[in-house]
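Please read the structure below before turning to the comments.
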Amino acid sequence: AFMAASLALAVTPGPGVLYIVTRSLSQGRTAGFASVAGMAVGNAVNATVAALGLAAVLATSALLYTVIKYLGAAYLFHLAYQMLRRADAPVAPVAHAASQPMKVFRDGVIVGVLNPKTALFFAALLPQFVDTPADFTRQALMLGALFVVIAGVSDSLYVVLSRSIAGRLGGM
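For the sequence shown, the working numbering gives the first residue as 228, with consecutive numbering after it.
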């Protein structure tokens, strides 16, 4: 059941998928996969926070949830603005940015960490799938790792599919 819920969340487009597809289309597969790796680290941070019980605070604090949601949206707008500011962004892949996979990776980590949908997913679902409360942290970390793998595979498919579609639509 946890795997099905994880898969449903992973394939549902949200800020992470938008970020990954945008990077893949504008900068190529290398940037797309660097984005996937960054998102995986961001998801792992969210899973770790949930395993340590801190995500429960996020689930009960409307103010904190709102702050994180708007920080994440602001960061995505910032990234979009940077991409639109480049004169060649709509015409050809951005070679300079694509040659900096660590920057793309870092941006992916930030988008992943600031994704409140993932943090709330962990806060709401992890406790339901832990067998023994005494072993909560270990089991939650294992489930979080499982989610990171599922999301990584799903996100990688978005990279491959977006580049394939771009190639068919005119070689973006």
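Glycine residues also receive a C-beta, built at the ideal position from the N, C-alpha and C atoms.
Predicted model, so just to flag it, every value in this text is computed and none were measured.
Is it the case that the Cβ atoms of residue i and residue j are separated by a distance below 9 Å?
{"i": "Phe349", "j": "Ala367", "result": "yes"}
{"i": "Ala261", "j": "Gly335", "result": "yes"}
{"i": "Thr345", "j": "Gly269", "result": "yes"}
{"i": "Phe229", "j": "Phe332", "result": "no"}
{"i": "Val386", "j": "Gly259", "result": "yes"}
{"i": "Gly379", "j": "Val263", "result": "yes"}
{"i": "Leu353", "j": "Ala300", "result": "no"}
{"i": "Leu384", "j": "Ala274", "result": "no"}
{"i": "Ala372", "j": "Ala271", "result": "yes"}
Since residue i and residue j should fall inside the 8 Å C-beta cutoff, what is the C-beta to C-beta distance between them, to a whole number of angstroms?
{"i": "Leu252", "j": "Ser389", "result": "6 Å"}
{"i": "Gly243", "j": "Met266", "result": "5 Å"}
{"i": "Thr257", "j": "Pro328", "result": "6 Å"}
{"i": "Ile247", "j": "Asp382", "result": "5 Å"}
Under a three-way DSSP split, which group does residue i fall into?
{"i": "Val228", "result": "For clarity, residue 228 is Ala in the given sequence; the question names Val instead. Coil, per DSSP."}
{"i": "Ser288", "result": "coil"}
{"i": "Pro317", "result": "Bear in mind that a pLDDT of 47 at Pro317, under 50, signals an unreliable position, so the model cannot answer this."}
{"i": "Gly255", "result": "coil"}
{"i": "Gln327", "result": "coil"}
{"i": "Leu388", "result": "helix"}
{"i": "Thr239", "result": "coil"}
{"i": "Thr345", "result": "helix"}
{"i": "Gly339", "result": "helix"}
{"i": "Asp358", "result": "coil"}
{"i": "Leu279", "result": "coil"}
{"i": "Leu373", "result": "helix"}
{"i": "Leu171", "result": "For residue 171 there is no data in the structure shown, the boundaries of the chain being 228 and 399."}
Starting from the C-beta of residue i, find all residues in its chain whose C-beta is less than 7 Å away, skip the five residues before and the five after it, and write them out in chain order.
{"i": "Tyr302", "result": "Ile337, Val338 and Leu341"}
{"i": "Phe304", "result": "none"}
Using a Cβ-Cβ cut-off of 6 Å (strictly less than) and excluding sequence neighbours within five positions of residue i, which residues of its own chain qualify?
{"i": "Tyr297", "result": "none"}
Suppose the cutoff is 8 Å on Cβ atoms and the five residues either side in sequence are ignored; what does the same chain contact list for residue i look like?
{"i": "Ile295", "result": "Leu285, Leu341, Pro343 and Ala346"}
Touch check for the stretch 289–297 and the stretch 358–367: three-plus C-beta pairs under 8 Å? No: the two stretches stay apart, fewer than three of their Cβ pairs being nearer than 8 Å.
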